[in-house]
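Enquirer:
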Amino acid sequence: MPALSPYTVIRPEPNGALLFQQETAETALLDLEGLDALYFLLKGEGRDYSPFFVTYLRAHRFVVMGPSDGSLERVAAVRDMAPTTTAPPRALAAPETVHFSVTGRCDQACAGCFYSARPGSAIAATDAPFELFERVVRQAAEARVFQIALGGGEPLLHPRLLDMVRLARQSGIVPNLTTNGNLLTVEVAVALQEAGLGQAQISLNGASEETNSATRPNFAQAMAAIEACQTAGLRFGINFLLTRSSLHDLEAVIHLGQAKGAATVNLLRPKPPTTEGDWLERESPTARDYRKVGYILKRCQLQPETRLTVDASLTFLLTAHQPRTLYRAGVWGCSAARKFVTVTQEGDVLPCSHVRWSDVGDGDVMRAWCESAIFARFRALEDTMRGPCRACDYLSLCRGCPAVAMAFGGEFGDSDPHCPQR
Ligand SMILES: C[S@@+](CC[C@H](N)C(=O)[O-])C[C@H]1O[C@@H](n2cnc3c(N)ncnc32)[C@H](O)[C@@H]1O
Numbered sequence: 124m125p126a127l128s129p130y131t132v133i134r135p136e137p138n139g140a141l142l143f144q145q146e147t148a149e150t151a152l153l154d155l156e157g158l159d160a161l162y163f164l165l166k167g168e169g170r171d172y173s174p175f176f177v178t179y180l181r182a183h184r185f186v187v188m189g190p191s192d193g194s195l196e197r198v199a200a201v202r203d204m205a206p207t208t209t210a211p212p213r214a215l216a217a218p219e220t221v222h223f224s225v226t227g228r229c230d231q232a233c234a235g236c237f238y239s240a241r242p243g244s245a246i247a248a249t250d251a252p253f254e255l256f257e258r259v260v261r262q263a264a265e266a267r268v269f270q271i272a273l274g275g276g277e278p279l280l281h282p283r284l285l286d287m288v289r290l291a292r293q294s295g296i297v298p299n300l301t302t303n304g305n306l307l308t309v310e311v312a313v314a315l316q317e318a319g320l321g322q323a324q325i326s327l328n329g330a331s332e333e334t335n336s337a338t339r340p341n342f343a344q345a346m347a348a349i350e351a352c353q354t355a356g357l358r359f360g361i362n363f364l365l366t367r368s369s370l371h372d373l374e375a376v377i378h379l380g381q382a383k384g385a386a387t388v389n390l391l392r393p394k395p396p397t398t399e400g401d402w403l404e405r406e407s408p409t410a411r412d413y414r415k416v417g418y419i420l421k422r423c424q425l426q427p428e429t430r431l432t433v434d435a436s437l438t439f440l441l442t443a444h445q446p447r448t449l450y451r452a453g454v455w456g457c458s459a460a461r462k463f464v465t466v467t468q469e470g471d472v473l474p475c476s477h478v479r480w481s482d483v484g485d486g487d488v489m490r491a492w493c494e495s496a497i498f499a500r501f502r503a504l505e506d507t508m509r510g511p512c513r514a515c516d517y518l519s520l521c522r523g524c525p526a527v528a529m530a531f532g533g534e535f536g537d538s539d540p541h542c543p544q545r
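Under our numbering, read the sequence shown as residues 124 to 545, first letter to last.
1. I want to check one thing, is the minimum distance from the CB of Glu310 to the heavy atoms of ligand 1 below 7 Å?
2. State yes or no: is the C-beta of Ser326 nearer than 7 Å to some heavy atom of ligand 1?
3. Pick from Asn303, Arg358, Leu320 and Leu357: whose alpha carbon is nearest that of Ala345?
4. Can you look up Ala240 in the DSSP assignment and give me helix, strand or coil?
5. How is Leu441 classed by DSSP in three states: helix, strand or coil?
6. On a CA-only basis, which of Ala528, Lys462 and Tyr517 is nearest Arg267? Give me that one, please.
7. Beta carbon of Glu404: closer than 7 Å to some heavy atom of ligand 1?
8. Taking 7 Å as the cut-off, is the C-beta of Gly274 nearer than that to any heavy atom in ligand 1?
9. Once DSSP output is grouped into helix, strand and coil, what is the label at Glu524?
10. Identify every residue that forms a DSSP beta bridge with Val186.
11. Quick check: what's the CA-CA separation for Gly295 versus Pro408?
12. Span of the beta strand (DSSP E) holding Pro298?
13. Could you check what DSSP says for Arg134 in three-state terms: helix, strand or coil?
14. In three-state terms, what does DSSP make of Ser194?
15. Using 8 Å as the threshold, is the C-beta distance between Thr366 and Cys236 below it?
16. Taking only heavy atoms of ligand 1 into account, decide whether any of them is closer than 7 Å to the Cβ of Cys475.
17. How should Arg522 be labelled, buried or exposed, when 16 other C-beta atoms within 10 angstroms of its C-beta is the threshold for buried?
18. To which residues of the same chain is Pro212 closer than 7 Å at the C-beta, ignoring the five residues directly before and after it?
19. Does the distance from the C-beta atom of Pro129 to that of Asp192 stay below 8 Å?
20. Here's a check: name, in chain order, each residue in its chain whose Cβ is nearer than 7 Å to the Cβ of Gly548, leaving out the five neighbours to either side.
21. Using 7 Å as the cut-off, classify the Cβ of Asn299 as near or not near the heavy atoms of ligand 1, replying yes or no.
22. So which of Glu332, His183 and Leu379 has the shortest CA-CA distance to Ala99?
23. For Ser495, which residues from the same chain have a beta carbon less than 6 Å from its beta carbon, with the 5 sequence-adjacent residues on both sides left out?
24. Measure the alpha-carbon distance for Ala530 versus Phe359 and round it to whole angstroms.
25. Excluding the 5 residues preceding and the 5 following Cys352 in the sequence, name in chain order all residues of the same chain whose CB lies nearer than 8 Å to its CB.
26. Which ranges does the alpha helix (DSSP H) cover as unbroken runs of at least 4 residues, wholly within the stretch 305-372, from first to last along the chain?
27. Mind reading off the beta-carbon distance from Phe363 to Leu391? Whole number of angstroms is fine, and I expect it under 8 Å.
28. Shortest alpha-carbon distance to Leu373 belongs to which of Asn341, Tyr418, Glu399 and Ala410?
29. Is it a yes or a no for the stretch 279-293 touching the stretch 335-343, going by three-plus beta-carbon pairs under 8 Å?
30. Out of Leu520, Gly533 and Val132, state which residue places its alpha-carbon closest to the alpha-carbon of Val297.
As structure tokens, then:
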């Protein structure tokens, strides 16, 4: 009998529902028709379901064959709530993910870092108070947020990181973290696993010491951290920052991730750093470079165990697919204030880690979600965008990256300067 996987969480959205698969961190947004189809599928009633829909839910392990374990009742309850659930325009009812900056401190200085408390940067070298984290988790659990991404700074430097991981998991939220790996020994990996960490994302900007060292000083430690996760059986992924210095290693890093058993290889786009004057101009791939990346991604054959993901600002790499295909695959483009928020270690709530505008503090995530004028501005982006993006078929699925557009001399709402579609 089809049932929701034990790892599938479901919450109501206006006229539909959002599914989250905790093992793969994938989401699926259903409209009312989709929610009905899911309900009747679990009920075992012989109806004509769209084969695409059923295949998708099973292939992505939202639905498995097995005992119902109350999943029909859970879907029924969400089906009752969906018609009266509200959300701000073009946003989910609540964030899918909260990015929480655990600390501004870091034990290394990477070139171009967007969050380093260094001389000349506006980031404070302070740790988030545990009470702030508790407040954020309490609100997030109530709003049924699915994930909390622990970053900074270097999160493993926080003396109460394990308590944070434990609290998030006990509150029904999957905690993940991004780390440089320096402190990620086998013992730490085991402790994180036991505390309930979902995934450790290890930053690695090259498959060799030489390429990695253009931006990051710790190739050996990052590789050791990968080994430690393998030994401890802790799910891990690789964060690869696509710069002009690292681009030639893209394929090699994807293969390395696959050979080491990474759950994901995630490609990041360079955003404005906190210091280092012309780093972004020097290191940002051009539209031509991104076209090359598109060819590389097309020819990379991945085993299903390793997923290749791109950060929301790289949606323009996906335009080999029709907009309808991307929509059905759940692509949202710039998701600031729509799917995620960031909370700094001082409690400021931001639409995105890369645009440090805030009109709500104290870690009050849901007040920002519902009332922030800054968030509303991000959600109106497709109405206000100027330039070539305005006429693009992918506008509502992409919206480029406002942080990059502004760093290159544009204003909020200007077109993305590096789109390979141009
Ligand atoms: C700021 S770091 C903090 C977490 C941890 N200390 C680490 O090094 O992974 C989070 C992620 O941002 C990436 N990153 C650093 N500077 C960036 C920039 N200017 N633009 C985009 N991503 C950047 C890093 O490669 C890393 O994967």
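Quick reminder that beta carbons are idealized off the backbone N, C-alpha and C, glycines included.
Expert: In brief:
1. no
2. yes
3. Asn303
4. coil
5. helix
6. Ranking Ala528, Lys462 and Tyr517 by CA distance to the CA of Arg267 puts Lys462 first.
7. no
8. yes
9. The amino acid at residue 524 is misidentified as Glu; the sequence shows Cys. Looking at Cys524 - three-state DSSP - the assignment turns out to be coil, as it is neither helix nor strand.
10. Leu127
11. Whole-angstrom Cα-Cα distance: 39 Å.
12. Val297 to Thr302
13. strand
14. helix
15. no
16. no
17. buried
18. For Pro212, where only same-chain residues beyond five positions count, the Cβ hits under 7 Å are Arg502.
19. yes
20. Outside the shown range of the chain (124 to 545) lies residue 548, about which nothing can therefore be said.
21. Checking the Cβ of Asn299 against ligand 1 gives no.
22. Because the chain in this structure spans residues 124 to 545, residue 99 falls outside the shown range and cannot be described.
23. Excluding sequence neighbours, Ser495 sits near Asp482 and Val483.
24. 31 Å
25. Leu307, Ala312, Ala323, Ile325, Arg358 and Phe359
26. 309-318, 332-335 and 342-355
27. 7 Å
28. Of the candidates Asn341, Tyr418, Glu399 and Ala410, the one whose C-alpha sits nearest the C-alpha of Leu373 is Tyr418.
29. no
30. Val132
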